[in-house]
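Throughout, this note's numbering is defined as the position within the sequence shown, counted from one, plus 35.
Heads up, the beta-carbon is just placed ideally off N, CA and C, and yes, glycines get one too.
All of these numbers come straight from a predicted model, not from anything done at the bench.
As structure tokens, the structure follows; a few thoughts come after it.
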Amino acid sequence: GQSMPGAVPNTPYGAYSGYSAYSGIYSVAADPMWTYFSAIAGQDGKVDAEELQRCLLQSGISGTYSPFTLETCRVMISMLDRDYTGKMGFNEFKELWAALNAWKQSFMMIDRDRNGTVELYELTQVIAAMGYRLSPQTLTAIVKRYSKNGRIFFDDYVACCVKLRTLTDFFRRRDKMQQGVVNFVYDD
């Protein structure tokens, strides 16, 4: 758990996070993440890469790991940037926060020696646990892309997870019959 909003303490019986206990009407302002989001969002009500980087640093989600680079923040935003503005709104922010927490938990589980990095065999295990079936050649290419001296730091691990999710989402949108096969043209 983070010191950031997540669970709502003292929520009245029967109330759901983000909903009024009595009216049943959804209220963004009642969502515990809204206060945090609105404090970091620009005047346009959206978060860009620099704002996200500051937010993640201040939140402490990286823990003792190295903070997120601006490039990693950019790829996180692009993963959820469905309107191609280079920014994310509140719902995308919440979705990213949930994904980051899940990725952090999986990173911590495989970083058994607590040195802040994962190696190829550890990465192979976690990628398989996430449901991806990648060839050894693809895994080697991932390690070469995201590692420093054969070790992947948390920031690069998150960038890798973002890339896997983005590519998978793109593939699934094209695989309308869910056959596991799609065709791409050069422009895709």
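DSSP state of T152 mapped onto helix, strand, coil:
Residue mapping note: residue 152 aligns to position 117 of the sequence shown, counting from 1. Strand at T152.
Measure how close the beta-carbons of C108 and A137 come, nearest whole angstrom, since I'm counting them as under 8 angstroms.
Start at 1 with the first residue of the sequence shown, and residue 108 comes out as number 73. Start at 1 with the first residue of the sequence shown, and residue 137 comes out as number 102. The beta-carbon distance between C108 and A137, rounded to whole angstroms, is 18 angstroms. This is too long to meet the 8 angstroms contact definition.
For F219, count neighbouring Cβ atoms within 10 angstroms of its own Cβ and tell me buried if that reaches 16, exposed if not.
Within the sequence shown, the letter at position 184 stands for residue 219. It counts as exposed.
Run the CB neighbour count on F103, radius 10 Å, all protein chains shown included, and call it buried at 16 or more, exposed below.
Indexing the sequence shown from 1 puts residue 103 at position 68. F103 comes out buried.
Three-state secondary structure (DSSP) of M27
Outside the displayed range of the chain (36 to 223) lies residue 27, so it cannot be described from this structure.
Cβ-Cβ distance between K122 and D66 below 9 angstroms:
Reading the sequence shown from its first residue, position 87 is the one you call residue 122. Reading the sequence shown from its first residue, position 31 is the one you call residue 66. By the CB criterion at 9 angstroms, K122 and D66 fall outside the cutoff.
If you count every other CB in all the chains shown that lies within 10 Å of the CB of Y57, and 16 or more means buried, which is it?
On the sequence shown, position 22 is the one that residue 57 refers to. A caution first: Y57 carries a pLDDT of 44, below 50, which makes its placement in the model unreliable, though a value can still be read off. The C-beta of Y57 has fewer than 16 other C-beta atoms within 10 Å across all chains shown, which makes the residue exposed.
Return the CA-CA distance between Q140 and I112, expressed in angstroms with no decimal places.
Indexing the sequence shown from 1 puts residue 140 at position 105. Indexing the sequence shown from 1 puts residue 112 at position 77. Here the alpha carbons of I112 and Q140 stand approximately 20 angstroms from one another.
Measuring alpha carbon to alpha carbon, tell me which residue in V110, E106 and A74 is nearest Q93.
Taking the sequence shown and counting its residues from 1, one reaches residue 93 at position 58. When C-alpha distances from Q93 are compared across V110, E106 and A74, the shortest belongs to A74.
Over what stretch of residues does the alpha helix (DSSP H) that includes A65 continue unbroken?
Your numbering for residue 65 matches position 30 in the sequence shown. From DSSP, A65 is part of no alpha helix (DSSP H); its letter is neither H nor E.
Measuring straight from C-alpha to C-alpha, what distance separates L105 and L87?
Counted from its first residue, the sequence shown places residue 105 at position 70. Counted from its first residue, the sequence shown places residue 87 at position 52. Each residue's CA atom was taken as its position, placing L105 and L87 some 9 angstroms apart.
Check each candidate in Y100, D116 and F128 and name the one with the smallest Cα separation from F72.
Residue mapping note: residue 72 aligns to position 37 of the sequence shown, counting from 1. When Y100, D116 and F128 are compared, the shortest CA-CA separation from F72 is found for F128.
Report the rounded CA-to-CA distance for N150 versus L115, giving the unit in angstroms.
The residue given as residue 150 occupies position 115 in the sequence shown. The residue given as residue 115 occupies position 80 in the sequence shown. Those two C-alpha atoms are separated by around 30 angstroms.
Enclosing alpha helix (DSSP H) for I96 [first to last residue]
Counting from 1 along the sequence shown, the entry for residue 96 is found at position 61. Run containing I96: none; DSSP gives neither H nor E here.
Where does L158 land, buried or exposed, given buried means 16+ other C-beta within 10 angstroms?
Taking the sequence shown and counting its residues from 1, the one referred to as residue 158 is at position 123. It counts as buried.
So who's on the other strand from R186, going by DSSP bridges?
As a working note, residue 186 is residue 151 in the sequence shown. Within the DSSP bridge table, the entry for R186 names K183 as partners.
Got a sec? Which residues, its chain only, sit under 6 angstroms from V216 by beta carbon, not counting five neighbours each side?
Here residue 216 is taken as the residue at index 181 of the sequence shown, counted from 1. Apart from the 5 residues on each side of it in sequence, V216 has no Cβ closer than 6 angstroms to any other Cβ in its chain.
Do F142 and V193 count as a contact pair if the criterion is CB distance below 9 angstroms?
Your numbering for residue 193 matches position 158 in the sequence shown. Your numbering for residue 142 matches position 107 in the sequence shown. Closer than 9 angstroms, so yes.
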